[in-house]
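Let me begin by presenting the structure, written as structure tokens, before commenting on it.
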Amino acid sequence: MSESVSVGLDTSCDITIEGMYRHFGRIKALRGLDLQVRRGAIFGLIGNNGAGKTTAIHCMLGLIPPHDGSVRILGLDPIKRRVDVLRQVGFFPERDAPYEWMRLSTLFKVGELAYKDWDPKLCDDLCGRFKIDPRKKVKELSKGMVAKAKLVYAMSHRPACMVMDEPTSGLDPGARYELLEMIRVLSEERRVTTLLSSHNLGDIEGIATDVGVLHEGQLIFDSKMDRAQKGFELIDVNGEAGEALDGLAASASVARRNGDRAQYLPPKDDGELFQQALAKLPDSAVSRRQLSLFELFHFLTTTDLME
Amino acid sequence: MRSGLARFIHPMVLIEYHQSKRHLLIALAVLALIAVALRLWMGVFGVVVGIFIVIPNVGVGLGVGTFHEEISKGQLRYLYGMPMRWSTVWWIKQASAVLCLLLVAAMVSSIILVGNNDWLAPFAQAFPDQTQASVNWEFITGSLIYSFLSYGLGIFTISVCRSAKLANLIAAGLIYLPLAVLAFICLRFGLVPDIYAVAAMFASGLTVLLVGSFVLFCRRNPLVDTPWRQRGIAAIFIVLAGLFFVGAGFAADFMGAQFRQLHRQANSFYPSPDGQSLALDISDGVLSYGLVIDLNGKVLTDLGRGIAPVRDVGLAWRPGTDQVLCEPRSLWDQLRPLGAFSPAYERRVLIDSVTGEHSPVRVDLENEFGRVLYLSHWSADGRSLIGRDRVPGPEGEGYGSYINQAVVFDVDQARGRRISLRESVVDASAEVGAGGVVLLKYDTYGGDDEPWAEVVDLDDDSRKRVTLPLDTETWELSPGYNKALAVVKVIDDQGVGYRVLLFGFEGEEPMTVLDKDQLPRISTQEALRSRGGYNPVGAYFLGDGRWLLVTITGEDSEARVEHLLFDSETGERLDVDLGFMETYGQQPILSPDHQTWLYVNSFGGSYYGYGDDDPDEPVTTTIVAHAPFQSGATEPFEQTFPGYINGIHFLDNDTVVFVLMTPTDRGVGFTAPQKSNLLRMDIPSGELYRLYPDPGSVEPDDLEPDLLAGVRTR
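Protein chains in written order, with the numbering used here: chain A, 44 to 350; chain B, 7 to 720.
As structure tokens, this is what we get:
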């Protein structure tokens, strides 16, 4: 049962994933992931720990081969052309850092050798904006400075697409703000398609233009950020409503069971069938509530699926 | 955009450069300090042993260390996210490691070699006691090869392990397994490990391990990081490496646990006088060494690296002793241009085959530039080495580029003196006299004096002038080529005398024998004329001095070298076809009782690379034995074998031992690999016995005739 919600995505996408599966032994990390990131968007991919965010990113970059499904990034198949994809994408890994003995100047020189479109002036400019001293070694930097250096490294070859795996992980609030703000500014200045994963809604809300919720290997919700921030109306129905609930479940975008109650998110177009089914219910059985993004995420990731 | 140079440099090269330089200088400095300390303390020997004894650990450490940081600190994930091919990372890492290894080797070698003009000398001198066969050149070379195998194992294990420590532990344990096997067999059977077999084994194992490492690394995804899941593939490669390791030894035909079959790989061998020991000359064209073994293949004495029994026939064993005359055969000696300064004879040495004791052979000769010494015989009592030396003469002088001079010197105290002679021919008989005699013929060089000769009796050091009855003109003809002189000591009822053979230069000139009273006894002019034109090459009195062997190069004959046999008392040429030799290598030999005469002819092939021989034609050798001095002697005995024969030797009057060199499929010749079969043959029954490794009767056709295919010149 597909229960994802797509709200107003463009069709011209730099990242397209369809039906992707990936498991590690008995652990099913991705279970039919469908994801699209439109060109120029900053897509915030949120999910709990273990939701499959990192696996999805590694698969879309060709770093881990999926067991099923297809993926296209900038029109390339990363499974077959991993090196080409990595050359055109700015990748910000979550955990992986350069050699700690390496000076940043050396790191950037490596980048110059690795990326044919490396722009030393842009690199210098970014270092200046981040107040990064290239003479310092990686091990001499704070976590925040390392993250900034990784961002400079990922941006300096003028990528058309950025993939950032939890860039704010482990950063203090100040560093987190600076980094996110820089990501937003750079993405907007350079009109770079950006996919940003995080399990921190605050990070996403601040800069993302689109948002998607990954839960148990599936994208269960995606929308434009401004739409999501306006809030979604949650229809909460007493379970005693009986057969009338069937009509709601069939037409709702999300149907969840929460104890003895049934909860629905209306379809994106407030569909006629849904309204008709809702009208058949007695008012006493129905309650309506406006959800914040946080509540929406909580609703999507904690309630049980309706059979 | 990228600068010009940046387009040609792989980013991994820059990473590797910065990563390597962090530790390399320190490592080099530490190793240099250790090497210098060892050399100051223990000499070159200490450096060699100290460095190479730990080579397996060094190799393993280097192999594991190739990816140590990347694996222990997660940098593989960082590298994997970079836009570069995963296999390229592996190749650059290997190149970097090999470069580091070479730098270390160069540094250690430079410390070894500083102050050593002869770069092989340290290795030869490092092991003064050569009785332990395992401690020799192979040990050092094998250690170097072993280090590469260790490196391969290290890089292999780090490719399948998540932890560098675990990889180190596993590799360090496994790397001693083949060493233990080799050491066990070496000690158990007392054999010398063959460097080529060991090299082939290690190289095969190394190749499989490197391929396995490459496969494992390329299959490894550091983001998933479960290398242990590839243990099945790793096990396959380990098994393959083991199979290749053993298989390479067998494929190289080094059977018996891949150890040298000494009798099958010696280039030459020289039986001891009692026939129970063999002095082997084992050379591969670059490095030479000598061994003394018994007939069971057990090494009695390791004569040393870069040293081997002298190649001249009949010189290897000093008569009446257990000593083997050896000469330096280091790479430098072999590369030294002929006639260059400081000839090798200065360092000839007698090595006792029982005790291994070295006794230098002192030669009291001026160290003139270009001097070359040719040894020809031991005196019968083993007291003297006899030969002649050659020193380049002034340009345009004399009859050629050289002036030949005769030298007689004692083993213990050289007593030769420079005398203006051009030839000497020495009695080779052990039966007459103890020390033999030397004939010195003096040249007149167109002067007024009559040509004359002098006989030097080594028994009493007496000298006797011999008047040459021939006219002057005859003796002034090209003296450099007139070698046909012979002398023999004759003892009869009237006392001691010397029978002398004088030879004219060309076929028109007579061959004259002077009896011990210096009276012309015979003239063989007519006998020789029947052979057409000829040039004398050599002449020897045999046995009690009656039989005279004359070797000529026949101008009208098909043979290059032809042997004729004369009765020196009657001048009669015995009607015995001694055949001819396609090669110059071997002289006919006589049985101890002087009744059986044996010579060896080789046909086909192109052993020396000259002549019109067909290099593709298989080489065959025929042993022909006559008994011309026995009444009622019938047809000569003949036996034909595939390949060449080296070092044929009478064990007794009816038995000869020899080495049959059967060519391998890689050709035959001085530098081509050969298989030597140590054989014994009874005459005249022709029964053939293999002495080693499977003693027993054997037929000539069973001596690996299939290996004759593909014979070619060197």
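The beta-carbon is built from N, C-alpha and C at its ideal position, and this holds for glycine as well.
query, result
"Cβ-Cβ distance between B/T72 and B/A101 below 7 Å", "no"
"C-beta neighbour in chain A for B/H29, strict 7 Å", "no"
"Range of the contiguous alpha helix (DSSP H) that encloses A/I100", "96-103"
"Spatial neighbours of B/R225 in its chain, beta-carbon cut-off 8 Å, leaving aside the 5 residues before and after", "Q236, I239"
"Within 8 Å of chain B by C-beta, residues of the stretch 54-69 of chain A in sequence order", "F67"
"Proximity test, B/L685 beta-carbon vs the ligand FMN heavy atom, cut-off 6 Å", "With respect to small molecules bound, the structure shown includes none, and the ligand FMN cannot be examined in it."
"Per-residue DSSP class, three states only, for A/D57", "strand"
"Residue of A/Q319, A/G314, A/R331 minimising C-alpha distance to A/A305", "A/R331"
"Nearest candidate by alpha-carbon position, reference A/G93, set A/L308, A/A293, A/A72", "A/A72"
"Chain A contact residues for B/N227, given Cβ-Cβ distances below 7 Å", "I107"
"Own chain, CB closer than 7 Å to A/S335, minus 5 neighbours either side, in chain order", "G274"
"Minimum Cβ-Cβ distance from A/L78 to chain B less than 7 Å", "no"
"Test: A/V126 CB closer than 7 Å to a CB of chain B", "yes"
"Distance between B/R83 and A/K164 (C-alpha atoms, nearest Å)", "28 Å"
"Cross-chain neighbours of A/P136 in chain B, by beta carbon under 8 Å", "R83, Y84, G87"
"7 Å Cβ cutoff met for B/A739 and B/M90", "Here chain B comprises residues numbered 7 to 720, so residue 739 of chain B is not present and cannot be evaluated."
"First through last residue of the alpha helix (DSSP H) which encompasses A/L225", "It should be pointed out that residue 225 of chain A corresponds to Met in this sequence rather than to Leu. 216-233 is the extent of the alpha helix (DSSP H) around A/M225."
"7 Å Cβ cutoff met for B/F250 and B/S210", "yes"
"Contact set for B/F154: own chain, Cβ-Cβ below 6 Å, skip 5 residues either direction", "L212"
"Per DSSP, the bridge partner or partners of B/V330", "B/W323, B/I357"
"Exposure label - B/W603; buried when at least 16 CB within 10 Å", "buried"
"Residue closest to B/G692, alpha-carbon to alpha-carbon, out of B/T628, B/L109, B/V110", "B/T628"
"Cβ of B/L20 within 7 Å of any chain A Cβ", "yes"
"Chain B contact for A/Y196 (CB, 7 Å cutoff)", "no"
"CA-to-CA distance, A/L104 to A/T97, given in whole angstroms", "11 Å"
"B/H16: contacting residues in chain A (beta-carbon distance under 9 Å)", "L156, A157"
"Partner residues on chain B for A/D139, Cβ-Cβ distance less than 7 Å", "G80, R83, Y84, G87"
"DSSP three-state assignment for B/A139, whether helix, strand or coil", "Here B/A139 scores only 33 on pLDDT, less than 50, and its place in the model is too uncertain to base an answer on."
"Contact check, A/P136 vs A/D57, beta carbons under 7 Å", "no"
"Any C-beta of chain A under 7 Å from that of B/H74", "no"
"Coarse secondary structure for B/L391, derived from DSSP in three states", "strand"
"Opening and closing residue of the alpha helix (DSSP H) in which A/D167 lies", "163-173"
"Distance, B/V53 Cα to B/W234 Cα", "39 Å"
"8 Å CB neighbourhood of B/L109 in its chain, flanking five on each side removed", "L30, L34"
"Same chain, Cβ closer than 6 Å to A/G213, five either side skipped, listed in chain order", "K186"
"Status (buried if at least 16 other CB within 10 Å, exposed otherwise) for B/K99", "buried"
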